[in-house]
Structures are given as C-alpha cells and as structure tokens.
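Q: Let me begin by handing over the structure; questions about it come next.
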Amino acid sequence: MKTIDLSTATVRELNQALHDQVSNVEDREWVVTHSDGKHNLAVGVNEVLSIDIQGHAGYYCAGMNQKASITVHGNVGVGCAENMMSGYVRVKGSASQAAGATAHGGLLVIEGDAGARCGISMKGIDIVVGGSIGHMSCFMGQAGRLVVCGDAGDALGDSLYETHIYVKGNVESLGSDCIEKEMRAEHLQELQDLLNRAGFAHKAADFKRYGSARQLYNFKVDNASAY
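Position in the sequence shown (from 1) plus 1 gives the number in our numbering.
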C-alpha cells in the first residue's frame, strides 16, 4: 500500500505518480492523507487502482476516471467524477454541483446529498445518491441511470434523452419533456441491482420512474418555446 501525504507532496506529484502506474504498476492500493479540500485529486487515472482519499476533496475529484476505484471519506466540490469513463467512485459525504457531469460509464455513489445539475449531460454513467439532489439535475441526460433515494429539485430531467431516472422522494418539478413513466418488472430489477451495488437497503418498489416523452428529439417550430 502506497501512502501520499498532501501536507508535504503536491497534487501534481500525486497525480503523476498515479498516471505512472499505467506503464509500471508498483502498487494497486493507494491512500491519500491531508487532502484538506484540495482540487483535482486523482484525476485521469487509467489503471485498475484502489485509491482512498482520507478527507474532503475540492473541485473535479476523480474527473476522467477510467478503471480505478476511488473512495472519498468526506465531501467533494464541483464536478466530482466529471467525464468518468469507467471504474467506481464513492463519496462518503455530500457532493457539490455537477457530480458525474458528461460521464460515459462507471458507477458514482454519493452517500449524502448532491447539489444542482447532478448528472448533467450524462452519457452512460450510473449515479446513485443516498440523499437528495438539487435543481436542473440530469439536464440533457443522454444515457445511463440516475437513482435518488431522497428528493429531487426543480426541473428534473429537462430536455432528457434516454437516461432512466428513479426517485424515492418528492420531485419539486419536472423539466421540459420529462414525464413520470410506468415502473415495469425490468425497471424494478434494474433499480434493485443498482441499489444493491451501491450498498443501500431500499426497496425498488418504493421509487417512481421518470423518462423522456420524446417530443424534443428533433426540432419542431411548434415546440420552439420549450427549447
């Protein structure tokens, strides 16, 4: 196990050491201490590593992750796991805005709450939030699944494409072209599998499903005011 102490090492040195593992793996397990809310921790990792961040992280933690399993023992700032391609990121606390934004794959688990625009323009990532999410979440969500065990803020799923959204609590309002949909057997199974993977003891039957009404896929002048 390799330990990087950010009270003496720089973030650049941390990330370079993680990137160097692609060509020559020295350690599979990494611990980062004294993170103290620093930005850009463990970004662009492209190797099967386990990274344990012992504290809060700032902006863009675990951004562009590919293959690594990253756990943050605290809260994270804007853009956690942004543009993640694969792998696993778990936040033991809460997340600020744009968690999982534009991400193509992998699993992001946030045990607390997530701020506004959670999963904005998500393209295949699975996001499971143990608490509530803020406004404009899953805006232009294209693919993947967003699971919310608490409440959802205003304009959920605005201009949605094919992301599946599951919410257990209340939804303040739905965005343009987002509607409540029937929860069929395959959706119950899909949701339960995600809850189990995230380690949350909720029942899929307690959730509602939301998705696209498919009215904004192609521009129609009659719908101009909705864009």
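For each residue, glycine too, the CB sits at the ideal point set by N, CA and C. Small disclaimer: the values here were computed from a predicted structure and weren't measured.
Out of curiosity, what's the CA-to-CA distance linking lysine 209 and leucine 161?
A: To locate residue 209, count along the sequence shown from 1; it is residue 208. To locate residue 161, count along the sequence shown from 1; it is residue 160. Approximately 16 Å, taken between the alpha carbons.
Q: Expressed to the nearest angstrom, what Euclidean distance is found between the alpha-carbon atoms of glycine 200 and lysine 221?
A: Translated into the one-based positions of the sequence shown, residue 200 becomes position 199. Translated into the one-based positions of the sequence shown, residue 221 becomes position 220. Going by the C-alpha atoms only, they are around 43 Å apart.
Q: From the DSSP output, which residues share a beta bridge with alanine 153?
A: For the purposes of this step, residue 153 is taken as residue 152 along the sequence shown, with counting starting at 1. BP columns for alanine 153 point to Ile134, Val172.
Q: Assuming tyrosine 89 and glycine 107 form a contact by the criterion Cβ under 8 Å, report the distance between their Cβ atoms to the nearest whole angstrom.
A: Position 88 of the sequence shown, counting from 1, holds the residue named residue 89. Position 106 of the sequence shown, counting from 1, holds the residue named residue 107. The pair is a contact, with the Cβ atoms about 6 Å apart (cut-off 8 Å).
Q: If you count every other CB in all the chains shown that lies within 10 Å of the CB of glutamine 190, and 16 or more means buried, which is it?
A: The residue you call residue 190 lines up with position 189 of the sequence shown. Under this definition glutamine 190 is an exposed residue.
Q: Enumerate in chain order the residues of its own chain whose CB-to-CB distance from glutamine 143 is below 6 Å, with the five nearest sequence positions on each side excluded.
A: Looking up residue 143 in the sequence shown gives position 142. Taken in chain order, the residues that qualify are Lys124, Tyr162.
Q: Identify, in the order they occur along the chain, each residue of the same chain with its Cβ nearer than 6 Å to the Cβ of alanine 115, setting aside the five sequence neighbours on each side.
A: Working through the sequence shown from its first residue, we reach residue 115 at position 114. Once the five neighbours on either side are set aside, the close Cβ partners of alanine 115 are Ala96, Ala100, Val130, Ile134.
Q: Use the C-beta contact count for histidine 35: other C-beta atoms within 10 angstroms, 16 or more gives buried, fewer gives exposed.
A: Within the sequence shown, numbered from 1, the residue matching residue 35 stands at position 34. By the 10 Å Cβ count, histidine 35 comes out exposed.
Q: Hey, would you say arginine 146 sits closer than 8 Å to leucine 195, going by beta carbons?
A: Locating residue 146 in the sequence shown gives position 145, where the first residue counts as 1. Locating residue 195 in the sequence shown gives position 194, where the first residue counts as 1. Result yes, Cβ atoms of arginine 146 and leucine 195 sit closer than 8 Å.
Q: Could you spell out the range, first to last residue, of the alpha helix (DSSP H) harbouring aspartate 194?
A: The residue you call residue 194 lines up with position 193 of the sequence shown. From DSSP, the alpha helix (DSSP H) with aspartate 194 extends over 186-199.
Q: Expressed to the nearest angstrom, what Euclidean distance is found between the alpha-carbon atoms of methionine 86 and asparagine 47?
A: Taking the first residue of the sequence shown as position 1, residue 86 is located at position 85. Taking the first residue of the sequence shown as position 1, residue 47 is located at position 46. When rounded, the distance between both Cα atoms is 10 Å.
Q: Pop quiz: tyrosine 211 and valine 168 are said to be a contact at Cβ under 8 Å. What is the actual Cβ separation, rounded to whole angstroms?
A: By 1-based counting over the sequence shown, the position of residue 211 is 210. By 1-based counting over the sequence shown, the position of residue 168 is 167. Rounded, the Cβ-Cβ distance is 7 Å, consistent with contact.
Q: Could you name the residues that DSSP lists as bridge partners for glycine 212?
A: As a first step, residue 212 is located in the sequence shown; it is residue number 211 there, counting from the start. DSSP, once it has assigned bridges, lists Ile180 as partnering glycine 212.
Q: Which whole runs of the beta strand (DSSP E) in the segment 18-56 are 3 residues long or more, in chain order?
A: Counting whole runs of 3 or more residues, the segment 18-56 contains the beta strand (DSSP E) stretches 30-34, 51-54.
Q: Count the other C-beta atoms from every protein chain shown that fall within 10 angstroms of the C-beta of serine 70, then say buried if there are 16 or more, exposed otherwise.
A: Position 69 of the sequence shown holds residue 70. Burial call: buried.
Q: Name the DSSP bridge partner or partners of leucine 109?
A: Here residue 109 refers to the residue found at position 108 of the sequence shown. Paired residues: Val90, Ile128.
Q: Please identify the residue among Val172, Ile180, Leu175, Ala206 whose C-alpha is closest to the C-alpha of alanine 186.
A: As a first step, residue 186 is located in the sequence shown; it is residue number 185 there, counting from the start. Among Val172, Ile180, Leu175, Ala206, the Cα nearest to that of alanine 186 belongs to Ala206.
Q: Should alanine 104 be labelled buried (16 or more other beta-carbon atoms within 10 Å of its own) or exposed?
A: As a working note, residue 104 is residue 103 in the sequence shown. Buried, because 16 or more other Cβ atoms sit within 10 Å of the Cβ of alanine 104.
Q: Between asparagine 76 and the rest of its own chain, which residues show a CB-CB distance below 6 Å, the 5 nearest in sequence each way excluded?
A: As a position in the sequence shown, residue 76 is number 75, starting the count at 1. Excluding sequence neighbours, asparagine 76 sits near His57, Gly94, Ser95.
Q: Over the uninterrupted beta strand (DSSP E) stretch that includes lysine 3, give me the two end residues.
A: Taking the first residue of the sequence shown as position 1, residue 3 is located at position 2. Start and end: 3-6.
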